[in-house]
Amino acid sequence: MATSLYHSVIFGPVQSRRLGVSLGVNLLPNDDKRCNFNCIYCECGWSTPGEKTRFNDRKTVRKALKETLVRMIGRGERLDVITFAGNGEPTIHPEFEAVIDDAIALRDVFMPTAKISVLSNATRIGVESVGRALGKVDNNILKLDSAFDDTVRLIDNPNDPNYSVAATVENMKKFDGKMILQTMFLRGTFEGRPVDNTTEKEVAAWLDIIADVRPQRVMIYTIDRDTPAEDLHKIPVESLETIAERVRALGIECSVAG
Ligand code: SF4
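So the sequence shown is numbered by this note's numbering: it starts at 44 and just counts up by one.
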């Protein structure tokens, strides 16, 4: 299917379903997707294997972000959020914390009301500098698509053979609730195996984790664009709302993007 990459350091601004008017920052290569997950639903397509990655370096990112913010101010454009997302996992950038520090400094000068968001798969939150950087941003948005290792392996395909939900959850708890938990719900088949993280078993175990982590907010969503795996299906918005109500019953805000 026709998945797509972001071909620049800065992209947008776009109207995000979840974040408002969002200016994207891509720390990954402009022509290649690099991630330590390989989600079957990833809008950027399949991950490129191999260790060598040409990241967008810190100086380039700072310059591009500054120029864009200055241009937007000149045009009187509104901005709700600067979002680190792009062609893969932003926290694998070797200077991630320094890049975040630069973005905060630029935001404070040029767009003081804009939030800074990072969309991460949470695999590197145990790395000290990454955890510290995520602690500084307004929206620390961390993915958890299932409470079960087997389901995460099926849906998200982590590179790390030792990936574990339990370890990820323990690291999430270190943020003391200063994080947003994000989950993609979907159904279908992949390589002959059924995919469905909306079963009662899945949702009940996922809710137990939410009750334990107590994030400031939960964001749930479903497929919106083409996916690299072909036989995947959207979850109806009514079903997402039913799941969201169960999150809200725990006293935690939950937004739905159907
Ligand atoms: S974690 Fe995000 S960027 Fe990485 S494969 Fe999954 S959806 Fe794509």
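Ideal Cβ placement from N, Cα and C applies to all residues, glycine included.
Close-in-space but distant-in-sequence residues of the same chain around residue i (CB under 7 Å, 5 per side omitted)
i: L108; result: I53, V68, A146, L149
i: V136; result: Just to set this straight, residue 136 is His in the shown sequence, not Val. Result list for H136: L70, F98, V142, in chain order.
i: R175; result: E140
i: T21; result: With the chain covering only 44 through 301, there is no way to say anything about residue 21.
Buried/exposed call for residue i, threshold 16 Cβ in 10 Å
i: L48; result: buried
i: E281; result: exposed
i: P279; result: exposed
i: A157; result: buried
i: V290; result: buried
i: G235; result: exposed
i: V161; result: buried
i: G131; result: buried
i: V152; result: exposed
i: G117; result: exposed
i: A165; result: buried
Residues bridged to residue i (per DSSP)
i: D239; result: R230
i: H276; result: R230
i: S160; result: T126, N182
i: G63; result: S59
i: L224; result: L185, V261
i: G131; result: R77
i: I147; result: Looking at the DSSP assignment, I147 forms no beta bridge with any residue, so it has no partner.
i: I53; result: V68
i: A300; result: Y264
Contacts around residue i, its chain only, beta-carbon distance under 6 Å, and the 5 residues preceding and following it disregarded
i: S90; result: K76, C78, N81
i: T134; result: S163, R167, V173
i: N202; result: N79
CB-CB length for residue i against residue j, believed under 8 Å
i: H276; j: G231; result: 5 Å
i: L62; j: D123; result: 6 Å
i: D192; j: S207; result: 6 Å
i: L224; j: V170; result: The pair is not a contact, with the Cβ atoms about 19 Å apart (cut-off 8 Å).
i: L293; j: F228; result: Not confirmed; about 17 Å, so no contact.
i: Y84; j: T285; result: Not confirmed; about 21 Å, so no contact.
Chain-order list of residues whose beta-carbon lies under 8 Å from that of residue i (same chain, five-residue window excluded)
i: P101; result: For the sequence presented, residue 101 should be read as Arg rather than Pro. Contacts found: E138, A141, V142, D145.
i: M222; result: L177, N183, I184, L185, M215, V256, P258, Q259
i: S298; result: R61, R260, V261, M262, I263, A287
i: K217; result: I168, G174
i: E245; result: S189, A190, F191, T194, D239
i: H50; result: N73, D74
Neighbour flag for residue i against chain B, beta carbons, 8 Å
i: K102; result: Absent from the structure: chain B. Only one protein chain is present.
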